[in-house]
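Per the numbering used here, residue 6 is the first one in the sequence shown, and the count goes up by one each step. The beta-carbon is built from N, C-alpha and C at its ideal position, and this holds for glycine as well. Working notes for the structure below.
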Amino acid sequence: MKYSSAVLLALLLLASCSTDGGIVSSNPSANSSAEVTPKSSEPSDAESADNDTADDPKADAETADLEATNEEQTDEAAADLEGVDQKNVKLVVSDQETAGQIIVAEVSTARDGWISIHKSNVDGGIQLPDSIGQARVNSGDSEKVVIDLWDAPYEGEKLWALLHVDAGDRGTYEFPEKDLAVRKNGEMMARSFKIKGKDKDREETEE
């Protein structure tokens, strides 16, 4: 009987220890997995570099200067390539009668090109880009270049002759995209003239 009481007392003590101490997990990874590493609020090196560049006015100015330089070089290269600016260029056209044609008295150009005929706009200047006729001219000096018209002008109308370079497909009129107008000292080589009426007295004499 004393033996049974001792066993019972031992069991009660064991149960009491288990309740006070709690349950200890045998898996250490369970506790470590519950730990969360706080995310840093500091920006990365790449983000810092982007922000510094975006807020740097000096970098913006350098970018703008570079773009302007590239555009200027492109324009200069195009002008040199196409022979737009010429020094010894000449275009001479006079008032004349017409029967569906215009005759350009003289033309001198450093490069093969075109002469196109244009009407006047409401201000009296040349109407671009539409033309009413064109003829191709070779480099060098030419005289009495005949240009056929597909639109008949009226007596007293002011027309314009415009000289171009043949910078696109050879023999194909491509103004204003490729066959740009020739310039001399910055001035476009365009010359105005008027359509004269037929001389009735001369016609009667010839009859």
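Closest in C-alpha terms to residue 126, from the list 136, 119, 112, comes 136.
Pairing residue 90 with residue 149, the inter-Cα distance amounts to about 24 Å. Secondary structure of residue 198 (DSSP, three-state): strand. DSSP, reduced to helix, strand and coil, places residue 101 within a strand of the structure shown. In the three-state reduction of the DSSP assignment, residue 161 falls in the coil class. Put simply, the backbone Cα of residue 122 is about 19 Å away from that of residue 116.
Going by C-alpha positions, residue 180 is about 11 Å away from residue 120. Taking 7 Å as the cut-off, the Cβ atoms of residue 195 and residue 165 count as close. Excluding the 5 residues flanking it on each side, residue 160 has same chain C-beta neighbours closer than 8 Å at 200, 201, 202, in chain order. Comparing C-alpha distances from residue 145 to each of 118, 133, 129 shows the shortest one belongs to 118. Judged by DSSP secondary structure, residue 111 falls within the beta strand (DSSP E) whose first and last residues are 106 to 114. Leaving aside the five residues that flank residue 183 on each side, the residues in its chain whose CB is nearer than 7 Å to its CB run, in chain order, 172, 173. Listed in chain order, the non-local C-beta contacts of residue 103 below 6 Å within the same chain comprise 200, local neighbours out to five positions each way being set aside. Only residues of its own chain outside the window of five on either side were considered, and among them 87, 88, 89, 116, 118, 184, 185, 187 have a CB closer than 7 Å to the CB of residue 170, listed in chain order.
Relative to the Cα of residue 101, the nearest Cα in the group 168, 189, 158 belongs to 158. Excluding its 5 nearest sequence neighbours in each direction, residue 132 has C-beta neighbours in its own chain below 8 Å: 123, 124, 125, 126, 165, listed in chain order.
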